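Working notes, structure below.
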DNA sequence: TACTTGCTTGGAGTGCACTCCAGGGTTTTA
DNA sequence: TAAAACCCTGGAGTGCACTCCAAGCAAGTA
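Chains as they are written, first to last, in UniProt numbering: chain A, 1 to 132; chain B, 1 to 132.
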């Protein structure tokens, strides 16, 4: 079960470069409980691990689904609480999935409207017919 | 070119019921220039037409694309300015379309991550194996 | 050692898209 | 006609997700 003793540790600016999240946002994520507690150097500076980077990548995907920060924090809390929360975690993710599917349908529909409108403008350019 | 003389006119609460937009939002849309000027009764109350409803439906589609209110206002201004703005209108819509396509790709990717995570939780429920 | 750059904190500020309020006039119903 | 319901305006307030600030400590370089 033992890990490599030379585990890579990243400063906050390295994590900023790798994730695209600002230092402000990274500190804020930790403050609101969206990060598992991050290691510190002897002087108190954050030292992120590859595991932290993995978590941030997953959080990025959750953000991309449109999940609210409050729900992401709830999910992070459940992870910290341990194995007995897997049912609630799955329920949260399934709820998010339903919302993503609805959003995809809505977005696809709106894309169709956009396509038709753009097509009308293209015709308009050729014929000079009026429209809004 | 003449229209029916008995054109249906809707009060703000009727439009609220039909569109799902609140009265506050409808007034705000008008204030910021997102509506063509709405008719008024002799006493100054708004009287929306079917054309207004059509515009609101289109605006709803633009909202669904994720277009900002500022860009929707810009689009509404261009419509008011007349036919010579069709190129800029089309450019605005094409820009929005590119963003919608990017968002669809991002959302589809995030959905895949969600699917895999949920599947892992389903397995976990059966096997008792640990994970985050 | 001096200087520059980087990191720390709690708290304040920002931009967006609404959302609501106060105070008053209008329209409909009993 | 009186009460209830509806609508008006300018401006203030809200919730979200950051984003920035001040003041100070720490680390790396000439």
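Heads up, the beta-carbon is just placed ideally off N, CA and C, and yes, glycines get one too. Nothing here was measured: the structure is a model prediction, and the numbers come from that model.
Identified DSSP bridge partners for residue i
{"i": "residue 47(B)", "result": "None; residue 47(B) has no bridge partner."}
{"i": "residue 75(A)", "result": "Partner(s): none; residue 75(A) has no beta bridge."}
{"i": "residue 40(B)", "result": "46(B)"}
{"i": "residue 10(B)", "result": "48(B)"}
Interface residues of chain A facing residue i [CB-CB closer than 8 angstroms]
{"i": "residue 118(B)", "result": "90, 93, 94, 97"}
CB-CB length for residue i against residue j, believed under 8 angstroms
{"i": "residue 48(A)", "j": "residue 10(A)", "result": "4 angstroms"}
{"i": "residue 50(B)", "j": "residue 8(B)", "result": "6 angstroms"}
{"i": "residue 96(B)", "j": "residue 114(A)", "result": "6 angstroms"}
{"i": "residue 162(A)", "j": "residue 69(A)", "result": "The requested residue 162(A) is not part of the displayed model; chain A covers only 1 to 132."}
{"i": "residue 46(A)", "j": "residue 38(A)", "result": "5 angstroms"}
{"i": "residue 110(A)", "j": "residue 100(B)", "result": "7 angstroms"}
{"i": "residue 56(B)", "j": "residue 107(B)", "result": "So it is not a contact: roughly 26 angstroms between Cβ atoms."}
7 angstroms Cβ cut-off: residues of chain B touching residue i
{"i": "residue 69(A)", "result": "The premise fails here: residue 69(A) is roughly 15 angstroms from chain B at the closest Cβ pair, so nothing lies under 7 angstroms."}
{"i": "residue 114(A)", "result": "65, 93, 96, 97, 100"}
Where residue i meets chain B, residues with beta-carbon distance less than 8 angstroms
{"i": "residue 111(A)", "result": "65, 97, 100, 101, 104"}
Beta-carbon neighbours of residue i, restricted to chain A and to distances below 9 angstroms
{"i": "residue 107(B)", "result": "64, 65, 66, 100, 103, 104, 107"}
Next on the checklist: So if I threshold CB-CB distances at 7 angstroms, which residues from the region 20-44 of chain A count as touching chain B?
Outcome noted: Legend: CB atoms of the region 20-44 of chain A lying less than 7 angstroms from CB atoms of chain B are not found in any residue.
Checklist entry - Three or more C-beta pairs closer than 8 angstroms, one from the region 79-90 of chain B and one from the region 14-27 of chain B: is that the case here? => result Verdict: no, contact absent.
Checklist entry - Is the region 78-87 of chain A in contact with the region 60-70 of chain B, if contact means three or more CB pairs nearer than 8 angstroms? => result Between the region 78-87 of chain A and the region 60-70 of chain B, the count of Cβ pairs shorter than 8 angstroms is below three; the stretches do not touch.
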